[in-house]
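J.:
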Amino acid sequence: MGGYDAAVVASDTLSIHDESSGASGEVGECLVFAIDCARPHEHPWRVSLAGIDEVVIGRGAPRSVRRVERTAVVALPDASVSAVHARLRRVGGEWVVEDARSKNGTLVNGRVAARSRMSERDVVEIGTTFCLLCRGESDVDAALLATRPLGTRTLSEPLARSFELLARVAASPLPVLLLGETGTGKEMAARAVHALSRRAGPFVAVNCGGLPETLVASELFGARKGAFSGADADRVGLVQEANRGTLFLDEIAELPEASQAVLLRVLQERELIPLGATRAVPVDIRVVAATHQNLAERVSARRFRKDLYARLRGFALTLPPLRERREDLGLLVADLLPRVAGARAGGVTFSRAVARALLLYDWPLNVRELEHTLAAALAVAGSDEIAPVHLPEDVRAAFEDAASIPALRERERFVTLAHQHSGNVSAMARALGTSRSHVRRLAHRYQVELDAVRH
Numbered sequence: 064m065g066g067y068d069a070a071v072v073a074s075d076t077l078s079i080h081d082e083s084s085g086a087s088g089e090v091g092e093c094l095v096f097a098i099d100c101a102r103p104h105e106h107p108w109r110v111s112l113a114g115i116d117e118v119v120i121g122r123g124a125p126r127s128v129r130r131v132e133r134t135a136v137v138a139l140p141d142a143s144v145s146a147v148h149a150r151l152r153r154v155g156g157e158w159v160v161e162d163a164r165s166k167n168g169t170l171v172n173g174r175v176a177a178r179s180r181m182s183e184r185d186v187v188e189i190g191t192t193f194c195l196l197c198r199g200e201s202d203v204d205a206a207l208l209a210t211r212p213l214g215t216r217t218l219s220e221p222l223a224r225s226f227e228l229l230a231r232v233a234a235s236p237l238p239v240l241l242l243g244e245t246g247t248g249k250e251m252a253a254r255a256v257h258a259l260s261r262r263a264g265p266f267v268a269v270n271c272g273g274l275p276e277t278l279v280a281s282e283l284f285g286a287r288k289g290a291f292s293g294a295d296a297d298r299v300g301l302v303q304e305a306n307r308g309t310l311f312l313d314e315i316a317e318l319p320e321a322s323q324a325v326l327l328r329v330l331q332e333r334e335l336i337p338l339g340a341t342r343a344v345p346v347d348i349r350v351v352a353a354t355h356q357n358l359a360e361r362v363s364a365r366r367f368r369k370d371l372y373a374r375l376r377g378f379a380l381t382l383p384p385l386r387e388r389r390e391d392l393g394l395l396v397a398d399l400l401p402r403v404a405g406a407r408a409g410g411v412t413f414s415r416a417v418a419r420a421l422l423l424y425d426w427p428l429n430v431r432e433l434e435h436t437l438a439a440a441l442a443v444a445g446s447d448e449i450a451p452v453h454l455p456e457d458v459r460a461a462f463e464d465a466a467s468i469p470a471l472r473e474r475e476r477f478v479t480l481a482h483q484h485s486g487n488v489s490a491m492a493r494a495l496g497t498s499r500s501h502v503r504r505l506a507h508r509y510q511v512e513l514d515a516v517r518h
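Letter 106 of the sequence shown, counting from 1, is numbered 169 in my numbering, and no numbers are missing.
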């Protein structure tokens with residue numbers, strides 16, 4: 064059977080939506096509201112910009128979008144957002160963000176901006192809400208995202224299409240091959256395939272690279288008592304444990320060649336012979352394999368069996384690295400917080416600097432690194448309020464690079480002080496050793512609305 068590839072191809076350029084060329088196949092633009100610092104556990108949302116020339120963003124509850132002719136009016140339930148905070152305008156095929164003389168200002172990549180051209184990789188701060196421009200043709204709300212299995216949730220239009228294909232394939236017995244860098248969420252996607260398949264048996268995960276070579280055969284295929292030294296009882300292998308379910312073979316490229324041959328026979332004949340046995344045992348398994356290595360190259364180098372590769376490659380999906388799906392950062396944070404914070408997840412808050420660092424960092428170790436970063440920050444903080452000092456050094460550097468301008472550093476210190484004292488001018492003046500009028504002048508200079516941080 065020929066393989067079906069659904070590789071996700073990333074691009075640094077954004078296709079501009081042109082209503083006059085709807086047959087071009089280009090994907091339109093959308094605005095993703097990625098992280099709300101006061102509610103990072105909530106799923107983000109995506110607003111389509113198709114047919115829109117202006118976006119007006121201001122405070123309102125609940126969060127919503129209302130379209131009036133070619134204008135989209137977005138309401139954010141964010142106390143630090145002004146009634147009319149910022150505008151995005153389409154100018155000559157590009158988007159320009161303009162601050163609407165808001166009290167707390169509008170920042171682009173951590174810098175105060177009265178007016179700035181907005182590109183796909185820019186992070187825009189409106190109050191304590193972070194948004195960015197990406198590709199997409201339709202609105203996507205949090206309720207819709209919550210209906211999809213973990214591991215297949217995305218605000219990326221190309222990746223969403225691939226996940227839709229994966230969902231269709233999940234209901235069939237077709238083998239699935241998941242490719243991509245380490246930590247991109249291949250096991251989560253495999254678990255989603257199992258959930259969508261509705262197979263009655265269990266999901267059994269096997270790390271092929273973590274099995275001792277001398278025990279691979281017995282671990283995978285089982286052994287009868289006395290089959291080898293130390294086999295003092297019958298052993299059911301992992302393949303048989305997955306009967307009527309899904310067998311997830313992670314790091315399949317590391318499987319020894321001898322076991323590759325046995326696995327191929329199991330897949331072909333739908334039966335296995337445990338070590339020391341004389342009779343075959345029927346098995347009904349669905350195989351999902353994964354690797355971060357280039358299996359095609361390993362086949363060419365005769366380091367992986369070509370026939371097994373062909374058998375596993377029923378449907379192949381490449382998961383993109385996190386740096387190429389930044390619109391999903393807030394979505395992944397919302398999904399990961401319950402795993403790392405448990406019942407505390409709903410009370411976790413981020414400082415603006417933390418959200419900025421998470422969105423600007425490149426995440427070389429992908430989703431796994433993000434999960435560990437969140438877990439470490441919560442442990443170091445000892446509370447539900449996450450500040451830059453609680454982040455690992457590499458991640459914190461992303462914020463520090465963006466905040467290299469001394470004035471911006473001073474603004475961040477002032478904002479932190481305002482939150483520490485709940486906007487109390489007298490308390491802030493005492494902490495700074497200055498007058499109340501000077502605090503008010505600083506608030507005006509840094510565009511900080513003290514009323515918005517009062518509890």
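Every residue, glycine too, gets a C-beta built ideally from N, C-alpha and C.
The structure presented is a predicted model; accordingly, all values stated were derived computationally and were not measured.
For residue 307, count the other beta carbons within 10 Å of its own beta carbon; 16 or more makes it buried, fewer makes it exposed. Which is it?
T.: By 1-based counting over the sequence shown, the position of residue 307 is 244. Residue 307 comes out exposed.
J.: Determine the closest residue to residue 402 out of 430, 280, 370, with distance taken between C-alpha atoms.
T.: Locating residue 402 in the sequence shown gives position 339, counting from the first residue. Answer by Cα proximity: 430.
J.: Reducing DSSP to helix, strand and coil, say where residue 514 ends up.
T.: The residue you call residue 514 lines up with position 451 of the sequence shown. Correct three-state label for residue 514: helix.
J.: Mind checking which residues open and close the beta strand (DSSP E) that includes residue 127?
T.: Walking along the sequence shown from the start, residue 127 turns up at place 64. Element bounds for residue 127: 127-131.
J.: Return helix, strand or coil for residue 271, following the three-state DSSP convention.
T.: Residue numbering aside, residue 271 sits at position 208 when the sequence shown is read from its first letter. DSSP places residue 271 in helix when its eight states are reduced to three.
J.: Terminal residues of the continuous beta strand (DSSP E) containing residue 136?
T.: As a first step, residue 136 must be located in the sequence shown, where it is residue number 73. Note, residue 136: beta strand (DSSP E), 134-139.
J.: From the DSSP output, which residues share a beta bridge with residue 215?
T.: Sequence index remark: in the sequence shown, residue 215 carries index 152 (1-based). Paired residues: none, contrary to the question.
J.: Would you tell me roughly how many angstroms separate the C-alpha atoms of residue 266 and residue 172, rounded to the nearest one?
T.: Your numbering for residue 266 matches position 203 in the sequence shown. Your numbering for residue 172 matches position 109 in the sequence shown. Approximately 42 Å, taken between the alpha carbons.
J.: Among the residues of its own chain, which have a CB less than 7 Å from the CB of residue 149, if the five just before and after it don't count?
T.: Counting from 1 along the sequence shown, the entry for residue 149 is found at position 86. For residue 149, where only same-chain residues beyond five positions count, the Cβ hits under 7 Å are 120, 160, 161, 162, 163, 165, 169, 189.
J.: Report yes or no: do three or more beta-carbon pairs, one from the segment 230-237 and one from the segment 391-398, lie closer than 8 Å?
T.: Flag = no, the segment 230-237 and the segment 391-398 do not touch.
J.: Is the beta carbon of residue 324 sitting closer than 8 Å to the one on residue 334?
T.: Within the sequence shown, residue 324 is the residue found at index 261, counting from 1. Within the sequence shown, residue 334 is the residue found at index 271, counting from 1. Cβ distance not < 8 Å, so residue 324 and residue 334 don't count as in contact.
J.: Mind reading off the beta-carbon distance from residue 139 to residue 123? Whole number of angstroms is fine, and I expect it under 8 Å.
T.: Counting from 1 along the sequence shown, the entry for residue 139 is found at position 76. Counting from 1 along the sequence shown, the entry for residue 123 is found at position 60. That pair is a contact at about 7 Å.
J.: Closest to residue 452 by C-alpha separation, out of 413, 389, 376, would be which residue?
T.: Taking the sequence shown and counting its residues from 1, the one referred to as residue 452 is at position 389. Residue 413 is the option with its Cα nearest to residue 452.
J.: Rank 457, 381, 336, 258 by C-alpha distance to the C-alpha of residue 246 and give the top, closest one.
T.: The count along the sequence shown starts at 1 and reaches residue 246 at position 183. Of the residues 457, 381, 336, 258, the one whose Cα lies closest to the Cα of residue 246 is 381.
J.: Could you tell me the distance, in whole angstroms, from the CA atom of residue 210 to the CA atom of residue 218?
T.: To locate residue 210, count along the sequence shown from 1; it is residue 147. To locate residue 218, count along the sequence shown from 1; it is residue 155. Cα-Cα distance, rounded: 14 Å.
J.: Report the three-state DSSP secondary structure of residue 398 (helix, strand or coil).
T.: By 1-based counting over the sequence shown, the position of residue 398 is 335. Residue 398: helix per DSSP, three-state reduction.
J.: Whose C-beta lies closer than 6 Å to the C-beta of residue 145 among residues of the same chain, with five residues either side of it excluded?
T.: Looking up residue 145 in the sequence shown gives position 82. For residue 145, same chain residues with a beta-carbon under 6 Å away, outside a window of 5 residues either side, are 165, 166 in chain order.
J.: Indicate whether the contact test is met: 3 or more Cβ pairs, each with one atom in the segment 316-330 and one in the segment 363-377, closer than 8 Å.
T.: Flag = yes, the segment 316-330 and the segment 363-377 touch.
J.: Using the rule of at least 16 other Cβ atoms within 10 Å of the residue's Cβ for burial, across every protein chain shown, is residue 359 buried or exposed?
T.: To locate residue 359, count along the sequence shown from 1; it is residue 296. Under this definition residue 359 is an exposed residue.
J.: Tell me whether residue 225 is buried or exposed, calling it buried when 16 or more other Cβ atoms sit within 10 Å of its Cβ.
T.: Here the question's residue 225 lines up with position 162 in the sequence shown. So residue 225 ends up on the buried side.
J.: When the distance is taken between beta carbons, is residue 199 closer than 8 Å to residue 254?
T.: Sequence index remark: in the sequence shown, residue 254 carries index 191 (1-based). Sequence index remark: in the sequence shown, residue 199 carries index 136 (1-based). Contact flag unset, no.
J.: Between which two residues does the alpha helix (DSSP H) containing residue 548 stretch?
T.: A query on residue 548 cannot be resolved here, the shown segment of the chain reaching from 64 to 518 and no further.
J.: Thinking C-alpha only, which one of 127, 233, 297, 418 is nearest residue 101?
T.: As a working note, residue 101 is residue 38 in the sequence shown. Considering only alpha carbons, the answer is 418.
J.: Please go through the same chain and pick out, in chain order, the residues whose beta-carbon is closer than 6 Å to the beta-carbon of residue 269, but skip the five residues on each side of it.
T.: Taking the sequence shown and counting its residues from 1, one reaches residue 269 at position 206. Annotation for residue 269: 301, 312 place their beta carbon closer than 6 Å to its own, counting only its chain and skipping 5 residues before and after.
J.: Tell me where the alpha helix (DSSP H) around residue 170 begins and ends.
T.: Taking the sequence shown and counting its residues from 1, one reaches residue 170 at position 107. Membership of residue 170 in any alpha helix (DSSP H) is not indicated; the residue belongs instead to the beta strand (DSSP E) covering 169-171.
J.: Within 10 angstroms of the Cβ of residue 512, are there 16 or more other Cβ atoms? Answer buried if so, exposed if not.
T.: Working through the sequence shown from its first residue, we reach residue 512 at position 449. It is buried - the Cβ of residue 512 has at least 16 other Cβ atoms within 10 Å.
J.: Using only the alpha-carbon positions, how far apart do residue 221 and residue 143 sit?
T.: Taking the sequence shown and counting its residues from 1, one reaches residue 221 at position 158. Taking the sequence shown and counting its residues from 1, one reaches residue 143 at position 80. Answer to the nearest angstrom: the Cα atoms are 33 Å apart.
J.: Tell me residue 266's beta-bridge partners as DSSP assigns them.
T.: Position 203 of the sequence shown, counted from the start, is the residue given in the question as residue 266. BP columns for residue 266 point to 309.
J.: Could you name the residues of the same chain whose beta carbon sits closer than 6 Å to that of residue 482, not counting the 5 residues immediately before and after it, in chain order?
T.: By 1-based counting over the sequence shown, the position of residue 482 is 419. Excluding sequence neighbours, residue 482 sits near 516.
J.: Alpha carbon to alpha carbon, what distance is there between residue 205 and residue 422?
T.: Looking up residue 422 in the sequence shown gives position 359. Looking up residue 205 in the sequence shown gives position 142. About 19 Å.
J.: Would a C-beta distance cut-off of 8 Å place residue 96 and residue 103 closer than the cut-off?
T.: Here residue 96 refers to the residue found at position 33 when the sequence shown is read from its first residue. Here residue 103 refers to the residue found at position 40 when the sequence shown is read from its first residue. It is not a contact, given that the beta carbons lie outside the stated cut-off.
J.: Just tell me which of 460, 271, 223, 507 has its CA closest to the CA of residue 383.
T.: By one-based count along the sequence shown, residue 383 stands at place 320. With distances taken between Cα atoms, residue 383 lies closest to 223.
J.: Report yes if the CB atom of residue 31 is closer than 8 Å to the CB atom of residue 420, and no otherwise.
T.: With the chain covering 64 to 518 only, the question about residue 31 has no answer from this structure.
J.: Please name the residue in 141, 450, 475, 492 whose C-alpha comes closest to that of residue 193.
T.: Taking the first residue of the sequence shown as position 1, residue 193 is located at position 130. Of 141, 450, 475, 492, the residue nearest in Cα terms is 141.
J.: Taking Cβ positions, are residue 197 and residue 387 nearer each other than 8 Å?
T.: In the sequence shown, counting from the first residue as 1, residue 197 sits at position 134. In the sequence shown, counting from the first residue as 1, residue 387 sits at position 324. The answer is no: Cβ separation not under 8 Å.
J.: Hey, how far is the Cα of residue 182 from the Cα of residue 436?
T.: Here residue 182 is taken as the residue at index 119 of the sequence shown, counted from 1. Here residue 436 is taken as the residue at index 373 of the sequence shown, counted from 1. Approximately 27 Å, taken between the alpha carbons.
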